[in-house]
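Since the structure comes first, as structure tokens, the remarks are kept for the end.
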Amino acid sequence: MIFVPFAIGWIASLVLLALDGTKRWVSWLALAAILGMFAAAVALLVQVADGLEPSLISGGWPGGIGIRLRADWLGVGFAVPVLGIIAAILFIENLRGGLRARIGPALMVLVSLGLTGVFLTADAFNFYVFFELSMGSAFAITALGTRGKHVRVAATFMVTNLLGSVLFLIAVGGLYHATGSLDMPVVAERLGVDPVGPPLVVASLLLAAFLLKLGIFPFHFWVPPVYSETRAPAAALLAGVLANIGSYGLLRFGGEVMPDALQAGRGLLLVIGAATILIGSLLAISRQPVAEILAYSSIAQNGYILVALGIGGRAGFAAAYVYAMVNSIGKALLFTTAGTRGPLLGGAFLVGAMSTAGLPPALGFIGKLALFRAAWEGAEPWLVAWIVGGALLAFLYMFQAFQQRFWMARDEEHSVPAARVAIALFAMVALALGVWPEPLLGTGAQIASLLVGGPR
Amino acid sequence: MNLALALCVAVLFGAGIRLMLDRDLVRIAAGTILVSNAANLFLMSAGTGGPAVGQGQPTSSDPLVQALVLTSLVITFGFTSLLFSILHAIFRAWGTLDSREIDRPG
Amino acid sequence: MTPLVQGVVRVLFLPSLVVATAFCVKGSTGTGDGFSAGLVAAIASSLVLLAFGLREARRILPLRHASAAAGIGLLVVVGSAVVPAALDGIPLEHFPRVEAEVVQLGALAVNSSLLFDAGIAAVVAGGVVFILERAATVRGREG
Amino acid sequence: MGSPLPVLAPLAVAFVSPLLTWTVGRSGPRAAHRTAVACALLTFALLLWGYLVGGGEWALPWVPAWGLEARFALDGLATLYGLVAAGIGAVVILYSGRYIEDHLRGKGRLREARRFHALLLLFLAAMLGLATAQDLLLLFLFFDLTALVSYLLIAFDHEEEDARSAGLTALLVTAGSGVLLLAAVAWAWLDSGTLRIADIAVLPAGVAVLVAIPAAAKSAQVPLHFWLPRAMIAPTPVSAFLHSAAMVAAGVFLISRLHPILPAEVLVALVPLGFVSILVGGLIAFSADPFKRILAGSTIAQYGYVMVLLGLGDVAGASFFVAAHALAKSALFLTAGTVTEATGERSLSAVGGLARELPVLAAASLVAAAGLAGVPLTLGFFKDEVFFTALAERGALLVALGVASTITTLAYAARFWAGIFLGPRRRPAARAPVTLVFPVVLLALLLLAGGWDAIGLRAIAGKAGAGGPLALAYHLDLRLQNLLALATFLGGAILFVALRWLQPALGRLVSATGRIGPGAIFDLLVATVGRAARVLHGVDVRLLRPRLAHTLIPMAALVALAFFNQWHAAFDAGKILRADIPVFVGLAVAAGGAIATISTASDTAMVMTLTVVGFTLAALFALLRAPDVALVAALVETTFTILLLAFVMPLPSRSERAAPTRSPWLVGTSSVLAAGFAFVVTWEMLSRPAVQSVATRYTELARGEGVVGKILADYRGLDTVGETTVLALSLASVATLMRPRRKRGRR
């Protein structure tokens with residue numbers, strides 16, 4: 000049952016690679032495939048919700064030999080929303096005339112396949128392979144998606160992320176050497192009992208690789224040019240979807256595999272997270288073009304995930320998950336809206352701006368509430384003040400961007416009305432998740448109890 | 000033995016980074032190749048540390064590590080050729096590969 | 000390219016394909032697997048391309064089908080993952096199972112991982128040759 | 000607490016009406032206006048019916064994961080604030096039909112009239128939600144929603160720069176401080192385990208402060224009052240509705256709703272806050288020239304009264320005061336709007352003596368001004384009586400302050416009315432259309448009726464304070480309240496007459512404090528944040544962006560940090576066997592080759608050195624007893640050299656391409672740092688004791704031969720499938736990128 004999304008992904012990408020992606024129906028075929036994977040992921044979610052943990056070892060080999068795929072709350076909690084967002088981005092892009100590149104649709108399916116693999120595999124090296132699959136398709140989408148002069152950002156994006164992958168590869172090698180196994184639960188258990196203590200050096204490598212992926216403060220320099228100069232769908236994909244590899248990685252490797260290393264690094268995470276919030280927000284305020292404001296805003300907002308992880312514990316992990324999802328949905332909505340023209344978009348952008356600033360009823364305020372709860376529980380009043388400050392700065396740059404994009408500039412040519420309606424629907428989802436936050440908060444609570452290992 | 004391996008990985012990685020800091024995009028791409036080679040050597044050395052494995056046959060190092068290195072070699076091959084084709088596209092669009100001209104502050 | 004080199008390359012071409020299939024088949028007993036087989040084939044064909052130039056090479060090698068070969072290879076690889084999953088729910092399950100008796104064809108144990116390796120070899124060889132052919136056409140046109 | 004219908008019906012209608020108005024409005028602004036008025040009146044009627052039926056409660060499970068329940072109830076407090084919002088809302092929407100059409104027709108944006116009505120109705124719905132919410136998180140949700148809708152309404156004429164900046168200032172102050180409320184909700188929830196107001200015993204002092212700040216900000220109390228005068232740039236109906244009856248009432252409502260669970264020491268602090276606001280509001284009202292800015296100052300002052308009443312614990316009195324003030328203030332705002340429509344002027348200095356040309360408006364606004372000033376026979380008299388009774392038992396100082404406040408109120412009410420309708424006629428006034436006068440007359444009649452027996456407000460306000468109806472009546476005897484009222488009229492008349500001389504001095508005083516007041520501080524803060532941001536961006540672009548080095552330094556720092564935490568880890572250099580000599584040679588050659596690559600002149604030379612490094616590594620893999628890897632490494636290296644040459648050949652030779660590298664010392668240190676970083680990681684890893692690895696099981700399973708091939712093809716086949724897909728996608732993308740130049744796809 001767990002292999003269904005993989006099978007759909009592989010077959011579809013195979014077929015799509017053979018077809019000419021510039022034709023409209025091929026893009027719609029890709030969308031159908033991704034929706035199929037989304038449905039399979041939802042089926043897995045239902046199974047996990049019933050308490051059973053679907054898992055499978057490739058090749059039918061005994062445990063430890065073959066690669067184990069398993070769906071737990073953390074994996075499915077990320078897979079379902081992420082696949083949903085990719086489907087939404089592609090749906091809107093199809094309405095606007097489809098992807099321009101011949102193998103564009105295939106790459107979109109491959110990104111979804113890679114991410115499903117990242118979220119559902121229990122093997123560290125297999126995580127690396129699927130990590131590379133999604134990054135490879137992202138490199139290709141950026142390279143093919145950008146027009147003329149902008150293709151240079153693909154080089155910046157690729158070089159930095161290759162360095163990130165190398166770091167992750169070295170970390171996996173280190174983990175294998177320290178524990179003699181690649182299966183995450185086995186690695187976690189052996190690290191727990193390791194006499195020498197947790198391999199902090201390997202943990203710092205993992206941290207660096209995932210921070211680079213999230214574009215967090217010391218490693219943020221590649222984010223603004225790449226997010227602001229790629230076309231809307233590619234930027235929405237990078238900011239809204241691929242950043243999740245970073246947050247998922249931190250939760251999985253930090254929370255499950257190396258909990259005591261995460262505990263040792265708590266202070267560091269708090270400091271880096273807080274610095275990212277401040278610097279990202281300030282840089283966002285300083286910029287005029289909307290795409291750049293959004294780029295810096297995604298850096299700043301990812302800082303909150305770090306802060307939540309820094310707090311740790313049940314409330315911290317729940318807040319980290321909720322914030323990761325809030326950022327993905329918010330950023331995907333904002334980047335897609337910023338890329339299209341015409342009426343109805345002001346409202347959609349406003350919903351995205353509200354979510355980033357934490358204004359109800361858009362879903363952002365749920366993340367902030369979870370973060371405040373974690374901060375108060377962790378007895379960190381300075382952190383509460385910092386988050387309030389961050390929110391005020393977010394108000395400033397998000398609404399400056401809104402005013403500058405929708406109130407000052409006059410849109411001459413309007414995009415296809417169907418695309419605008421689709422974006423409005425996407426905004427409705429962001430509103431609905433804010434008014435009825437049960438799905439996010441419920442999954443967050445489940446993930447927190449999974450990682451903290453307390454009673455379910 | 001560990002020290003020698005560590006030194007060689009360090010030099011490879013350092014040289015790779017030195018190239019990646021350069022302004023010319025081709026040298027940056029060459030830097031990524033060196034850095035990936037360093038990572039592969041690191042992985043390989045992770046295998047040799049363990050007890051010599053395998054009876055009969057000449058004792059070969061840890062087979063699992065060999066499989067990992069093989070996979071990483073192939074992926075690096077794929078990505079580096081993709082990187083060079085991007086450089087090719089940049090050269091066609093900008094007529095130069097000096098990142099100083101290309102990297103106008105965004 | 001001097002005729003001597005062209006002669007040597009032409010002579011070398013077929014044996015290198017034999018070596019490639021050897022690597023592919025010997026995967027489960029000695030060193031060598033799908034990748035090495037594909038790479039050997041790719042190097043051999045690129046030698047032909049370099050020695051004889053694009054037009055001549057197109058005559059000797061079926062360059063047009065390079066991308067098709069890669070496609071079929073990928074189909075086989077993906078198939079060997081998806082087909083067993085469809086049949087009895089476990090992806091990448093090879094027939095015959097380890098404990099089941101092994102069909103011996105001479106010294107060769109015939110099982111589906113051979114097909115798997117062949118698929119990988121096809122992807123690698125087809126892909127690399129396709130790029131080289133494309134790079135050659137671009138260099139040819141833009142001089 | 001009764002069936003859910005009484006609270007469900009008005010809420011449902013309120014939340015449906017903006018959408019309804021928006022869709023119906025498609026056929027024209029007239030239709031939108033009529034639907035809007037109907038919806039507002041229906042909501043008002045349903046609320047009244049709900050109250051008469053005895054209120055109701057409606058709860059539905061909201062977030063089971065956190066045990067939260069969305070609970071709405073129509074109790075006394077909710078009814079009063081709901082009726083005020085719906086009633087004033089209906090009157091204002093009736094007024095804004097004609098007003099907004101003239102306003103927008105001039106700007107050619109007539110089709111946006113329906114958006115205006117829809118936003119007003121959405122605001123009404125948000126106020127209703129706030130009033131009926133029984134859960135802290137719901138309170139926050141609607142509290143911030145009102146701030147957002149007010150932002151959209153203040154900046155309705157969004158093509159004007161100062162409308163946008165006024166809207167943003169209002170949003171930053173009201174919704175910005177709303178984040179403090181969210182922090183308070185989180186703390187209260189941790190402290191008492193529930194968010195339902197009824198179940199909480201008392202809130203900790205910290206939470207109370209975090210609740211008081213946003214409440215003060217929204218009710219425009221000092222020091223967060225400066226956004227209100229700036230928000231006067233909004234169209235008049237917005238000022239009449241939001242900034243007199245609804246928006247500013249949300250702040251005091253929040254304190255009234257949480258009053259039973261707020262600790263006493265925080266409530267007491269509201270009294271001085273209230274009086275300071277009365278003073279500052281009065282000053283603004285005395286010195287301002289534009290009509291609406293006078294009324295804005297008066298609103299700040301009047302809500303100062305409410306804060307004082309809440310501080311003294313009289314929730315019923317405060318609610319009554321809010322209702323009475325709302326009627327009077329909205330009428331005055333509408334009068335200002337009509338006068339501007341009729342004369343085209345916005346400030347006192349430009350008008351005068353309009354009583355003869357606008358007699359009906361003059362009479363109605365006289366009643367409204369009297370209501371504001373607390374003149375008998377109007378509802379206003381009772382609001383001052385409530386104020387005085389509350390102050391009476393609190394000692395002479397407060398009574399004196401109270402009288403001083405009511406004197407100032409009387410003075411600026413008189414200044415506003417006399418300034419427009421009496422005195423020399425400076426500008427002719429066109430005939431004001433009936434629809435712009437009738438709402439003011441309606442409100443004036445309500446005020447007069449209120450003067451008779453407080454139009455039922457006594458009972459509702461009593462219930463709001465969870466007590467019996469307020470004892471309000473005319474007592475023709477010499478009790479303290481009557482004396483104080485007389486003192487107010489005398490003082491007010493004297494002050495009004497004295498205003499003519501005080502005027503310039505007050506004007507200078509206000510403009511002086513304006514430069515150092517909170518408003519100026521706010522603008523300064525925003526400006527400095529902007530400047531700091533630009534400076535930071537300069538640094539970011541110049542230093543950080545172009546160079547990868549700045550990723551390496553933090554990376555090396557992270558590893559160093561981790562490394563020094565584990566200083567005790569044993570480092571062993573490993574034994575040197577005679578058989579390993581070739582390995583050392585190989586390592587040395589590889590390292591040498593890598594260093595050589597740096598200093599190569601041309602690209603082809605660089606490719607060659609790269610190949611040397613590649614092949615040495617392949618040899619090393621063989622020496623390290625990994626034949627499979629050695630084979631593939633060598634083959635990959637050869638293929639790669641061919642590909643590289645294919646890419647590198649067409650490029651011009653490097654000499655004319657690259658200029659000298661940037662500051663070499665930075666590049667040097669970064670690469671040495673990176674080398675050190677890699678050295679530490681590798682050595683630390685290699686020194687760890689060998690661990691029983693899963694590799695032995697692979698070897699047994701594969702019976703010792705072709706283990707690596709089996710792992711790749713069979714045991715860990717999924718890796719290989721994934722990796723082959725990566726290879727296929729890379730090669731496919733390379734092929735697409737390498738396509739010779741032709742227009743790629745249509746735009």
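Chains as they are written, first to last, in numbering that gives the first Met the number 0: chain B, 0 to 455; chain L, 0 to 105; chain W, 0 to 142; chain Z, 0 to 746.
The C-beta atom is built at its ideal place from N, Cα and C for all residues, glycine as well.
Whether residue i touches residue j by CB criterion (9 angstroms)
i: B:Val306; j: B:Gly357; result: no
i: B:Ile91; j: B:Leu236; result: no
i: Z:Arg97; j: Z:Pro432; result: yes
i: B:Ser111; j: B:Met0; result: no
Residue i, enclosing alpha helix (DSSP H) - first and last residue
i: B:Phe156; result: 151-178
i: Z:Glu100; result: 75-106
i: Z:Thr615; result: 602-622
i: Z:Val759; result: The question about residue 759 of chain Z has no answer here: the residues shown for chain Z are numbered 0 through 746.
i: W:Thr1; result: No alpha helix (DSSP H) contains W:Thr1, which DSSP labels as neither H nor E.
i: Z:Ala712; result: Where Z:Ala712 is concerned, there is no enclosing alpha helix (DSSP H), given that its DSSP letter is neither H nor E.
Pairwise C-alpha distance: residue j and residue i
i: B:Pro288; j: Z:Ala391; result: 60 angstroms
i: L:Leu33; j: B:Glu376; result: 47 angstroms
i: W:Leu73; j: B:Val41; result: 28 angstroms
i: W:Leu62; j: Z:Val628; result: 29 angstroms
i: Z:Val366; j: Z:Leu441; result: 11 angstroms
i: Z:Ala417; j: B:Ala390; result: 46 angstroms
i: Z:His32; j: Z:Thr22; result: 12 angstroms
i: B:Ile386; j: Z:Leu127; result: 30 angstroms
i: Z:Glu356; j: Z:Ala341; result: 10 angstroms
i: Z:Leu79; j: Z:Ala39; result: 16 angstroms
The beta strand (DSSP E) enclosing residue i, as first and last residue numbers
i: Z:Val61; result: Position check: residue 61 of chain Z holds Trp in this sequence, whereas Val was assumed. Its beta strand (DSSP E) spans residues 56-62.
i: B:Ser54; result: 54-56
i: Z:Arg70; result: 67-72
i: B:Leu68; result: 67-69
Within chain W, the residues that residue i reaches when beta carbons sit closer than 7 angstroms
i: B:Ser457; result: Past the boundaries of the shown model lies residue 457 of chain B; chain B is included only from 0 to 455, so the question cannot be answered.
i: B:Phe2; result: Ala84, Pro90
i: L:Val73; result: Phe34
Interface residues of chain B facing residue i [CB-CB closer than 9 angstroms]
i: L:Leu81; result: Gly135, Phe138, Ala139, Ala142, Met157
i: L:Arg0; result: The residue asked about is misnamed: residue 0 of chain L is Met in this sequence, not Arg. Near L:Met0 there are no residues of chain B at all, since even the closest Cβ is about 14 angstroms away, more than 9 angstroms.
i: W:Ala120; result: Ordered by position in chain B, no residue passes the 9 angstroms Cβ test against W:Ala120, which lies about 17 angstroms from the chain.
Beta-carbon neighbours of residue i, restricted to chain W and to distances below 8 angstroms
i: Z:Met737; result: Ile130, Arg133, Ala134, Val137
Contacts of residue i in chain B (Cβ-Cβ under 8 angstroms)
i: Z:Arg687; result: His176, Ala177, Val195, Pro198
i: L:Leu86; result: Ala154
Residue i: contacting residues in chain W (beta-carbon distance under 9 angstroms)
i: L:Leu24; result: Going along chain W, no residue has its Cβ under 9 angstroms from L:Leu24, so there is no contact; the nearest lies around 18 angstroms.
**Asked** Per the contact definition of three or more C-beta pairs closer than 8 angstroms, is the segment 709-726 of chain Z in contact with the segment 69-85 of chain L?
**Response** yes
**Request:** State whether the segment 13-28 of chain W contacts the segment 51-59 of chain W, with contact taken as three or more CB pairs (one from each stretch) at a distance under 8 angstroms.
**Result:** no
**Request:** Decide if the segment 65-80 of chain Z is in contact with the segment 101-119 of chain Z; the criterion is three or more beta carbon pairs, one per stretch, under 8 angstroms apart.
**Result:** no
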